[in-house]
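Residue numbers (my numbering): 139 to 290.
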């Protein structure tokens, strides 16, 4: 799996996904589908990279010991590799969550007629400075809430 996934991830991970947003708008339109696709594309890579890194750090002795004891491959994955890789996976989820908040905000600023990003741009263009900070504070509270939910 690593031989197939590693080259794909190395090529696609550094590409700023926000740069792909105009193409997504052409393909999926100006509704929520393009925003969802952009957020998904941006959030998947930190999670995928952290999962791959966490799984690669699992000691080979643990896997060999489980195999020598007669443990089936699927149980090794669920009872050995996954618990050992879980801290890295959760770190990737946390990073993906932060990136998702940023990307949704940016997508709303670029091409939306509603949402917090749109409110920020509209307030800034009409020089309503007090109203401009409401979306900023709201997105900060949303990020704080999501972070609290993920890490309790």
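Using N, Cα and C, we set each Cβ at its ideal position, and we do this for glycine too. None of the values given here were measured: they were computed from a predicted structure.
Nearest-angstrom beta carbon gap, residue j and residue i [assumed within contact, 8 Å]
i	j	result
residue 255	residue 246	3 Å
residue 162	residue 175	5 Å
residue 237	residue 273	That pair is no contact at about 18 Å.
residue 214	residue 206	That pair is no contact at about 11 Å.
Contacts around residue i, its chain only, beta-carbon distance under 7 Å, and the 5 residues preceding and following it disregarded
i	result
residue 243	254, 255, 277
residue 288	231, 232, 235
residue 168	249
Residue i versus residue j - alpha carbon distance
i	j	result
residue 263	residue 270	10 Å
residue 229	residue 261	35 Å
residue 225	residue 140	20 Å
residue 268	residue 145	47 Å
residue 282	residue 240	13 Å
Proximity winner among the options, relative to residue i (alpha-carbon distances)
i	options	result
residue 200	231, 288, 221	221
residue 148	173, 186, 168	186
residue 152	211, 259, 179	179
Cutoff 8 Å; reference residue i; Cβ partners in own chain excluding five residues on either side
i	result
residue 265	none
residue 252	246
residue 223	189, 192, 193, 195, 196
Close beta carbons around residue i, own chain, < 6 Å, minus the five adjacent residues each side
i	result
residue 285	none
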